[in-house]
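Going line by line, the protein sequences match chains A, B and C. All you need for the working numbering is the position in the first sequence, starting with 1, plus 159. All you need for the working numbering is the position in the second sequence, starting with 1, plus 31. All you need for the working numbering is the position in the third sequence, starting with 1, plus 3. Beta carbons are placed, not taken as given, at the ideal position from N, Cα and C, and that holds for glycine. This report refers to the structure that appears directly beneath it.
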Amino acid sequence: MASISMPESHDWLSESARQRVQRRHAADKRMRLYGLAAIGLAIGLLGVLLVSLILSGYTAFVQTKVPLQVTVSPEQVKPDNLERGNYRKLVRDAFLDLMPVEMSRSEQRDYLSMLSSGAPFLLRDRVLADPSLVGQTVEIMAPLADPMDQFHKGIIPRDVPEEQRRVNDVQIGYYDQLVAEGLVSTPFNWALFFSPDSRFPELAGLAGALVGSFYALLVCFLISFPVGIAAAIYLEEFARKNRWSDLIEVNINNLAAVPSVVFGLLGLAVFLGFFGLPRSAPLVGGMVLSLMTLPTIIIATRAALKAVPPSIREAAFGIGASRHQVVTHHVLPLALPGILTGTIIGLAQALGETAPLLLIGMNAFITSAPGGLTDPATALPTQIFIWADSPERGFVARTSAAILVLIGFLIIMNAIAIFLRQKLERKW
Amino acid sequence: MSEVEPMQVSAGELARAAQNAVQAEAQPTAHARVAARDVNVYYGENHALKHVDIDIYNNEVVSFIGPSGCGKSTFLRCLNRMNDVIEGCRVTGEIMLDNQDIYSRDLDVVQLRARVGMVFQKPNPFPKSIYDNIAYGPRLHGIAAGKSELDDIVEVSLSKAGLWEEVKDRLKEPGTGLSGGQQQRLCIARAIAVNPEVILMDEPCSALDPIATAKIEELIDELRQNFTIVIVTHSMQQAARVSQRTAFFHLGTLVEWGETEQIFTKPRDERTQGYITGRFG
Amino acid sequence: MLELVILILLVLCAFGYLMARSRAVALATQAGVRNHSLPAYHGAFVALWVGLPAFFLALIWLLLQDSVIDQMILASLPADMIAGLDASRESLIISEIRSIAGGQVFGQPEPAVLDAAARLNTWASLAGWAMVAACTCLALAALVVTRRKLSPSFRARHGVERIMDVLMIACAVVAILTTLGIVVSLLFEAYRFFERVPVTEFLFGLNWEPQIAIRADQVAGQGAFGAVPVFLGTLVIAFLAMLVAVPVGLLSAIYLAEYSGPRFRNSVKPILEILAGIPTVVYGFFAVLTVAPAMRSFGASIGLDVAPNSALAAGGVMGIMIIPFISSLSDDALNAVPRSLRDGSYAMGATKAETIKQVLLPAALPGIMGGVLLALSRAIGETMIVVMAAGLIAKMNINPLDSVTTVTVQIVTLLIGDTEFDNPKTLAAFALGLVLFLVTLALNVVALRIVQKYREKYD
């Protein structure tokens, strides 16, 4: 035993002891508060993100338009050469008809620039689709040019000095008159979903990007789903535990953490450079995305296979099934819900990937939806990137709107995954 | 002592009668260090512990015995309010430490747990050095005035736990590097370091080999001089070796308690009789 | 052409399957014995051998067809035209020929080129038909050969299962091939870069101005490829991101693991996971649209000059994205600490905060560190947020209010555009990519090792 003794019994009821205990409890409350505040901050930032996107993007879901009564005169549009008709003149005349007042040259210029420069193309497309329209009067809802669109939606304010806004007072005067006659309306902007990209914000849409993303995801699914499941089944059910299987596992875990831009470099060097596949094609985009989705599917499939109890396998072996039969007839069907869930989640991640698609060229300015897997195309996230770079106000709103569309798809996909998981999950 | 009373008398009454008798006989002037009155414990809807009354006296070793799941560990955990940590657990009744209700506002639970220390079934040293393990309690409660006083506390605690000679040269090494028996003694030293009034031990030797167990039992006997010890054990031999008083729990009730010798030679309740003769449990 | 091949193969497969299946039954009845394997397996065996080799032949043919034809076209051009041309000039000519063959004629090309374009079309169409023929022949040959093998004692099931084994192993090996592909392509292109720019200048040079002269007589800035400012910028932004993510993530994890009830936990945890599921291009736009202007005007109001593409804005938003990585892994690490340690600390009279600070966090530290390293690796490799919100000019400065550029930004900006492949500018992107890959790989390996070692301690 030691020659020293314990210090005097501690006085638990002394003032200093009580204060100490109070301080300790206060510190405990503080830590609790900090934790809650951190959670609040994270969720708050998420909320700010969503709110700012919605606030800046909701205006893009409607488009300011005026109805034009256009007489498709055969002098301007020759029936044997519909492509090269003077639609510009027809549309301008129809627009001038809406404002039957005297205009000076500069006033007329201002007035005409209020109409979208793409309106003639709308007319042309109508006539090309239905050549019998030549000689008739047709009504088209023509979008106003982007500055007018922004002005009508209140984004460009009236009360700043004229030099600081993109619409001048003359145009505002004409605008007010059109509004007074009830000619200005804001129908739902279907063009956002069904038109391809365009130089003009008022005409730009996501059709090309949506089709491009769809093709790319299709290719990604067709490659990574079978390959991923086959690899996972092999690793989980068949492979012996040796150096090779360890090596493959290490590779898969590392691939899951490689930055996406490196996959883009791989696609650029190997798919475009070595194999000479076409640039900007959804095929190549899909191939690169499949390499990125593969680890996700493999890991999810392995987890689903692991979750099937060994007793099922043993029972099947017991009646003389071969290992292949055990896996395909018994284990795989039971693991299917987990596999599907993991695949959907992997595809949702692939939908949002941007960097590798940029590097293989899916960021070109493409004005029509791709016809096939090898036509140049953009994808939804790369389209967002392109629009984000454009200076016109109209593109700011459309970028936010495109983001909301993307998030919408992600929500749907994740909801399906969660629904599947809950519906089909079995509790062992 | 009379033979087993007829079954019309309830167990609680029996216990109280025995308690009074013992009190009068053995410790006429000592007050109970810990006194429990009509303690019940509920886990949600489950009534796990029913109407426990018991007194624990100063400087003695009391052992709680009984078959698995009888509630002895649950009651032990009531004494230092460790049941507060468990969700959905409710404790009713009165538990007094030195005539002060442990659930009263004046007694902070943090201080209670320093005054009533606990040693667990599986040794659980912190992933810190041996020194820091012992110093943990004193640092928390501000017991030591300075570094040298802290050093003293560490040395005394380790000595009282019988570990000082073995580890005095490696205080900086991690506590998890010791053997099982040493780790348990480290945990005992850690509990001692805040100079508690009562030490609770929940089956402290069940994870140890016989030699380490013997060392700990020796230690308990030495510690009795300075502390009051309550030990839960499922080894009757250990209870007989180590404790002055024994309480027998069965299916959530305290069946009887009294001097160890009496419980093991002339139990008053036939359930006790059944347990100690090995008919069940 | 591929669609035609697939169609033919599908027909042949179906035919082979049905034929083999009925033949197996017929043979068995004839001999009066039972088949070793079910007839369906006989059918599958034939169908697989008919379809798979021919399909892979078609794929390989398609992949190599264009390069082979390109070489043949080049060889067929008049000798004086192709003498002494380097690879970039050759590929220019090829692409001109190809675009003419595709129907887009620019200006007045030379007659030799027009001829070559016509030849290309002929050869391409010939090659297409040749592929169809080759694949069909292969499929038919397989059909004949496998048909011969059919018999009651033929172990068709084993045959089919062996084919499945080979396919599965091939799929598993794809993972190795991918890693190999990444490493080889990065090394290859980086090597070509380091032939023109010395490694020491790249790794230690302080001047990053990749605008190199395109032609020898062009008076543009000489290319300087010292990547240190780029590395520095990456570290600055990653550091800022961690500065946001680690406290918020760790405190959130502490609250969720120790203080909150199960209902709160179950509803809040998924919401935090949402942060990880938002595409990074959305974060980038958010940084540009809202965060950077807000920081700029806030800075202006207190007299600080904040750049429109400051490191603080980009790093801050990146930090938001990384929060769930840290909170999720820390939460797991804290929950993995055994209950006995918690009990031991509470029994000593410690408050929850003291238990967390002095017992739980040190015990969970390896797991938390692993999470932090993984998050750091993510921050370093992140692309879209910085491409949209950070700067393009490489500077040797660590001021968070100023703009910096990162490795990923440079990779993207060097490669978006119409520069051809051999330009040192584009090759520099691969050198940067190699560095990025190696650094993130090292971080991931270390993180994984820490987490594994820690898991051993408590299992």
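Can you name the residues that DSSP bridges to residue i?
i	result
Gly148/B	Ile230/B
Thr558/A	BP columns for Thr558/A are empty, so no partner.
Ala278/B	Phe95/B and Trp288/B
Phe347/A	Val221/A
Arg268/C	According to DSSP, which records beta bridges pairwise, Arg268/C is partnered with nothing at all.
Arg68/B	Glu125/B
Cys120/B	Tyr74/B
Val319/A	For Val319/A, which the question treats as bridged, DSSP gives no partner whatsoever.
Gln131/B	Leu128/B
Chain B beta carbons: is any one of them nearer than 8 Å to that of residue i?
i	result
Arg183/A	yes
Phe434/A	no
Ala356/C	no
Gly370/C	no
Asp346/C	yes
Arg189/A	no
Leu332/C	no
Does any CB atom of chain C fall closer than 8 Å to the CB of residue i?
i	result
His82/B	no
Leu205/A	yes
Leu200/A	yes
Ala560/A	no
Tyr74/B	no
Ala79/B	no
Lys103/B	no
Ala462/A	no
Leu181/B	no
Going by CA-CA distance only, name the one from the options that's closest to residue i.
i	options	result
Leu281/A	Met258/A, Ser357/A and Lys188/A	Ser357/A
Ala256/C	Ala227/C, Ile63/C, Phe328/C and Leu15/C	Phe328/C
Ala224/B	Arg121/B, Arg310/B and Asp183/B	Asp183/B
Leu67/C	Leu431/A, Arg399/A and Arg177/A	Leu431/A
Arg101/C	Arg92/C, Pro112/C, Leu123/C and Glu113/C	Leu123/C
Lys159/B	Ala193/C, Ser406/C, Leu368/C and Ala31/C	Leu368/C
Lys224/A	Gln267/A, His184/A, Gly277/A and Ile519/A	Gly277/A
Tyr457/C	Asn402/C, Leu235/C, Asn400/C and Ile371/C	Ile371/C
Flag this pair as yes or no: are the beta carbons of residue i and residue j separated by less than 8 Å?
i	j	result
Ile185/C	Leu425/A	yes
Leu239/B	Ala220/B	no
Trp211/C	Ala397/C	yes
Asn522/A	Ile498/A	no
Pro535/A	Tyr374/A	no
Phe353/A	Asp305/A	no
Ala61/C	Val8/C	yes
Thr443/C	Gly373/C	no
Thr182/C	Asn413/A	yes
Val378/A	Ser272/A	no
Grab me the residues of residue i's own chain with a C-beta within less than 7 Å of its C-beta, minus the 5 sequence neighbours each way, in chain order.
i	result
Val231/A	Leu249, Val286, Leu292, Val293, Gly294, Gln295 and Val297
Gln221/C	Interpretation of Gln221/C is limited by its pLDDT of 46, a score under 50 that renders its predicted location unreliable; no figure is taken from the coordinates.
Glu292/B	none
Ala260/C	Asp334, Leu337 and Asn338
Asn164/B	Pro156, Phe157, Gly206, Leu217 and Arg221
If you drop the 5 nearest sequence neighbours on each side, which residues of the same chain put their C-beta closer than 6 Å to that of residue i?
i	result
Asn401/A	none
Val410/C	Val233, Thr237, Leu435 and Leu439
Leu21/C	none
Would you verify that the beta carbon of residue i is, or is not, closer than 8 Å to some beta carbon of chain A?
i	result
Gln142/B	yes
Leu189/C	yes
Gly168/B	no
Asp200/B	no
With a threshold of 8 Å on Cβ separation, who are the neighbours of residue i within its own chain once the five nearest residues in sequence on each side are excluded?
i	result
Val390/C	Gly287, Thr411, Val412, Val415 and Thr416
Pro59/B	Residue placement at Pro59/B cannot be trusted, given a pLDDT of 40 that sits under 50; what the coordinates show is reported in the next sentence. Excluding positions up to five away in sequence, the list is empty.
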